[in-house]
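The structure appears right after this line, and notes come after that.
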Amino acid sequence: MPTTTPASFESFFQTATTVWPYKYQVRLATTHPFPDVLDVPTGLGKTAAVVLGWLWQRRGHRDKLVRQATPRRLVYCLPMRVLVEQTFGETIRWLHRLGCLDALPGFDPDGPAGWKDYCPRPHAETADKIAVHLLMGGEPRRDWDLFPERDAILIGTQDMLLSRALNRGYGMSRFRWPMHFGMLGNDCLWVMDEVQLMGSGLGTTVQVDLFQKKFWPPQQPCHFLWMSATLGQSLLRTRDREDLGLAKIEPNRLFALEGTEKQEPAVRERLTAEKQIEVRKDAPSIRKRDGSGVLDRHQADRITLVILNTVPVAQGWFRQLRAVLASESKDEGASPPEVILLHSRFRPPDRQRQLESLQRFVDQQTREMGTVEGHLGLIIVSTQVIEAGIDLSSIRLWSEIAPWASVVQRLGRLNREGKQDGATAMFWMPGGTEENDKGAPNESKKKRERIGPYLKKDLETARKLLDSVRLRMEQNGEGRPYREALDEVLQTEESQKALEV
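Position 200 of the sequence shown, counting from 1, maps to 927 under our numbering, and the rest follow consecutively.
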């Protein structure tokens, strides 16, 4: 840590992030031990709350017993590469500002290459600094296991981390499997973020936690923390946990916003952000005479977000938008708005260029209105990779209907900061089976039950729940806040069932 550690977590957090923490972030950092489940709405800084909360308890807390009881390794597990890269970059910046990052002399996280230039000191003689390690396929291997006695942060994709926790580490010599198995099974705080995207990886973490608690306790305790903005009550439910009475989320182990924390001005502004919802009968047009097309409703200086469920459909939309804008620009001689495409199939350099274009626009947005003065605006065409981790705020959201958890996440990218008047989301059902599967004549019954990657019944449920939110917002002819209507729907049995993972 720095020579003089800030006396309070508030000052500590501000030094790391340059902004003052929310009240819930302070409460989380000063609560020991950490909860099992963190259920906080999107856009309220869960990553910073957990990473800096762990660091405060490990290095900055006044109580020596708390510092000693806090696990020495933070293991941050994410389902997607793009989320890992963003979390890794932010964590490096926070530790660098605090003066506790283990890095080679001269490293600057805000330099041209950013976190790409980061490398821990090889064979460092002192343990006063904390190294941050990236575990992701295709990245250079770092020997993070050489110093098991030192504090460290490991950030990686679930395949790399969970395979090591199961003693079958991907991309490494099998002779080193037991080393990583032992280190990741002892003295660690495991954080599972964006669990709605983890698939079978979520059940794996739930089972590993159960086995450690009931059957094979580690030498040094591990703690597991799951977090998402869309958590269902079945989060911890597996057959083994049900048999042992550990399938329910205990109220005292669930961390959520309290009443006073919701009334904090900055939090309340986000929770009461204006959002209008339209559920369309069919997909929208690029341009339309009545002004209802995607380009017709785009606003200069702002972000329009178009989210599709599959990569081919997203690529098709991107090509159509570019073609229409190029034609209009040629005819009218005016510059078009910028259009970028995001999906999971880019090669790393191509993906990095797209993300840099997005980040340049986001960095220029004003805090007051979320605009970029003098810019023609940005249109982002994306798949579900945009649902989590990327901190952006749009004034228009066009989206195919997806499973309910994904719909809630997508709505979290609309008027995120609560300062963009007239923010509107337009949803429609994606094309039928024939369109998504290219009309395969011998498709099985199971295939006919799907639309693209999702079950048709899940999309129908999401459409009904979206309509429920919209109707509650229009109830009695009065405009109710989006978040108030959403919270009511989230408490319904149908919503809880749809959020089961």
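The beta carbon of each residue, even a glycine, is placed where N, CA and C say it ideally should be.
Coarse secondary structure for Lys1165, derived from DSSP in three states
Residue 1165 sits at position 438 when you count from the first residue of the sequence shown. Bear in mind that a pLDDT of 48 at Lys1165, under 50, signals an unreliable position, so the number given afterwards is only what the model happens to contain. Coil at Lys1165, not helix or strand.
Reduced DSSP secondary structure (H/G/I, E/B, other) of Glu996
Along the sequence shown, read from residue 1 onward, the residue named residue 996 stands at position 269. It is helical.
Determine, using beta carbons only, whether Leu1035 and Leu1119 come nearer to each other than 9 Å.
Translated into the one-based positions of the sequence shown, residue 1035 becomes position 308. Translated into the one-based positions of the sequence shown, residue 1119 becomes position 392. Taking 9 Å as the cut-off, the beta carbon of Leu1035 is found no closer than this to the beta carbon of Leu1119.
Report the option in Gly833, Leu962 and Met807 whose CA atom is closest to the CA atom of Met863.
Taking the sequence shown and counting its residues from 1, the one referred to as residue 863 is at position 136. Looking only at Gly833, Leu962 and Met807, the smallest Cα-Cα distance to Met863 is reached by Met807.
Distance, Pro768 Cα to Gly1139 Cα:
In the sequence shown, counting from the first residue as 1, residue 1139 sits at position 412. In the sequence shown, counting from the first residue as 1, residue 768 sits at position 41. Gly1139 and Pro768 have their C-alpha atoms spaced approximately 8 Å apart.
Got a sec, what are the start and stop residues for the beta strand (DSSP E) Leu881 sits in?
Position 154 of the sequence shown, counted from the start, is the residue given in the question as residue 881. In the DSSP assignment, Leu881 falls within the unbroken beta strand (DSSP E) covering Ala879 to Thr884.
One question on the structure: do Leu1124 and Met1096 come within less than 9 Å of each other, judged by their Cβ atoms?
Position 397 of the sequence shown, counting from 1, holds the residue named residue 1124. Position 369 of the sequence shown, counting from 1, holds the residue named residue 1096. Cβ atoms of Leu1124 and Met1096: not closer than 9 Å.
Taking 8 Å as the threshold, find out whether the segment 976–985 comes into contact with the segment 758–778 through three or more Cβ pairs.
Three or more Cβ pairs closer than 8 Å define a contact, and the segment 976–985 meets that threshold against the segment 758–778.
8 Å contact criterion, which Tyr749 and Glu991 should meet: CB distance rounded
Here residue 749 corresponds to residue number 22 of the sequence shown, with the count starting at 1. Here residue 991 corresponds to residue number 264 of the sequence shown, with the count starting at 1. With a Cβ gap of about 6 Å, Tyr749 and Glu991 count as contacting.
With distances taken between CB atoms, is the gap from Ala1189 to Arg1199 smaller than 9 Å?
On the sequence shown, residue 1189 is found 462 positions in, with the first residue counted as 1. On the sequence shown, residue 1199 is found 472 positions in, with the first residue counted as 1. No, the Cβ-Cβ distance between Ala1189 and Arg1199 is not below 9 Å.
So what's Trp943 in DSSP terms, helix, strand or just coil?
For this step, residue 943 is matched to residue 216 along the sequence shown. Judged by DSSP in its simplified three-state form, Trp943 adopts coil rather than helix or strand.
Run of the alpha helix (DSSP H) containing Gln1003, from where it starts to where it stops
In the sequence shown, the residue the question calls residue 1003 occupies position 276. That residue, Gln1003, is in no alpha helix (DSSP H); its beta strand (DSSP E) goes Gln1003 to Val1006.
DSSP beta-bridge partners for Thr1151?
To locate residue 1151, count along the sequence shown from 1; it is residue 424. In DSSP, Thr1151 forms a bridge with Gln1003 and Arg1123.
Taking buried to mean at least 16 other C-beta atoms within 10 Å of its own C-beta, is Ala1129 buried or exposed?
Looking up residue 1129 in the sequence shown gives position 402. Ala1129 should be labelled buried.
Around the Cβ of Ala1041, are there at least 16 other Cβ atoms within 10 angstroms (buried) or fewer (exposed)?
Residue mapping note: residue 1041 aligns to position 314 of the sequence shown, counting from 1. Within 10 angstroms of the beta-carbon of Ala1041 lie 16 or more other beta-carbons, which makes it buried.
Of the choices Arg895, Gln1081 and Arg820, whose alpha-carbon is the least far from that of Gln885?
Position 158 of the sequence shown, counted from the first residue, corresponds to residue 885. Nearest option by C-alpha distance: Arg895.
Whole-angstrom C-beta distance between Gly1145 and Arg997, which should lie under 8 Å
Residue numbering aside, residue 997 sits at position 270 when the sequence shown is read from its first letter. Residue numbering aside, residue 1145 sits at position 418 when the sequence shown is read from its first letter. Taking C-beta atoms under 8 Å as the contact rule, Arg997 and Gly1145 qualify, at a distance of about 5 Å.
Contained alpha helix (DSSP H) runs [length at least 4] in the segment 1180–1227, N- to C-terminal order:
As far as the segment 1180–1227 is concerned, its whole alpha helix (DSSP H) runs of at least 4 residues are 1183–1200, 1209–1217 and 1220–1225.
What is the DSSP secondary structure of Val1134, reduced to helix, strand or coil?
Within the sequence shown, residue 1134 is the residue found at index 407, counting from 1. DSSP places Val1134 in the helix class (H, G or I) of the three-state scheme.
Secondary structure at Tyr749, three-state DSSP: helix, strand or coil?
Numbered from 1 along the sequence shown, position 22 holds the residue referred to as residue 749. In the displayed model, Tyr749 falls within coil according to three-state DSSP, outside both helix and strand.
Going by DSSP, which residues form a beta bridge with Arg1177?
Taking the first residue of the sequence shown as position 1, residue 1177 is located at position 450. In the DSSP output, where bridge partners are listed per residue, Arg1177 has Leu1182.
Backbone secondary structure at Thr730 - three-state DSSP:
As a working note, residue 730 is residue 3 in the sequence shown. Note that Thr730 scores a pLDDT of 47, beneath 50, so its modelled location is shaky and nothing firm can be said.
Determine which residues share a DSSP beta bridge with Ala775 and list them.
By one-based count along the sequence shown, residue 775 stands at place 48. Its beta-bridge partners do not exist; DSSP assigns none.
Rounded to a whole number of angstroms, what is the C-alpha to C-alpha distance between Gly1104 and His1025?
Position 377 of the sequence shown, counted from the first residue, corresponds to residue 1104. Position 298 of the sequence shown, counted from the first residue, corresponds to residue 1025. Going from the Cα of Gly1104 to the Cα of His1025 covers about 8 Å.
Close beta carbons around Ser1126, own chain, < 6 Å, minus the five adjacent residues each side:
For this step, residue 1126 is matched to residue 399 along the sequence shown. Once the five neighbours on either side are set aside, the close Cβ partners of Ser1126 are Ile1034, Arg1137 and Phe1154.
Between the CA atoms of Asp1214 and Phe938 - distance to the nearest angstrom
Along the sequence shown, one-based indexing puts residue 938 at 211. Along the sequence shown, one-based indexing puts residue 1214 at 487. Taking the straight line joining both Cα atoms gives about 34 Å.
Between the CA atoms of Ile1178 and Thr1160 - distance to the nearest angstrom:
Taking the sequence shown and counting its residues from 1, one reaches residue 1160 at position 433. Taking the sequence shown and counting its residues from 1, one reaches residue 1178 at position 451. Bear in mind that a pLDDT of 45 at Thr1160, under 50, signals an unreliable position, so the number given afterwards is only what the model happens to contain. Looking at the two C-alpha atoms, the distance is approximately 5 Å.
Less than 9 Å separating the beta-carbons of Thr742 and Arg824?
Counting from 1 along the sequence shown, the entry for residue 742 is found at position 15. Counting from 1 along the sequence shown, the entry for residue 824 is found at position 97. Cβ distance < 9 Å, so Thr742 and Arg824 count as in contact.
Would the beta-carbon of Ile1030 fall within 9 Å of that of Phe1073?
Residue numbering aside, residue 1030 sits at position 303 when the sequence shown is read from its first letter. Residue numbering aside, residue 1073 sits at position 346 when the sequence shown is read from its first letter. Not a contact, by the Cβ cut-off of 9 Å.
Mind checking whether Arg785 and Arg794 have CB atoms under 9 Å apart?
Locating residue 785 in the sequence shown gives position 58, counting from the first residue. Locating residue 794 in the sequence shown gives position 67, counting from the first residue. Against a cut-off of 9 Å, the Cβ pair of Arg794 and Arg785 comes out as a contact.
In whole angstroms, what separates the C-alpha of Trp1044 from that of Leu1052?
If you number the sequence shown from 1, residue 1044 lands on position 317. If you number the sequence shown from 1, residue 1052 lands on position 325. Spanning the alpha carbons of Trp1044 and Leu1052 requires a straight line of approximately 12 Å.
Answer yes or no: do Trp1131 and Leu1192 have a C-beta to C-beta separation smaller than 9 Å?
To locate residue 1131, count along the sequence shown from 1; it is residue 404. To locate residue 1192, count along the sequence shown from 1; it is residue 465. Yes, they are a contact pair.
Are Glu977 and Arg754 close, meaning C-beta to C-beta below 9 Å?
Translated into the one-based positions of the sequence shown, residue 977 becomes position 250. Translated into the one-based positions of the sequence shown, residue 754 becomes position 27. In this structure, Glu977 lies away from Arg754, with their beta-carbon atoms at least 9 Å apart.
Residue range of the alpha helix (DSSP H) that Leu1041 falls in?
Looking up residue 1041 in the sequence shown gives position 314. The question names Leu, but residue 1041 in the sequence shown is Ala. Looking at the DSSP string, the run of the alpha helix (DSSP H) that includes Ala1041 is Val1038 to Glu1059.
DSSP state of Arg800, grouped into three classes?
Residue mapping note: residue 800 aligns to position 73 of the sequence shown, counting from 1. For Arg800, the secondary structure class from DSSP, reduced to helix, strand or coil, is strand.
Have a look at Arg848, Val1038 and Ile1122 and flag the residue whose alpha-carbon is nearest the alpha-carbon of Leu1022.
The residue labelled residue 1022 in the question sits at position 295 within the sequence shown. When only C-alpha atoms are compared, the closest one is Ile1122.
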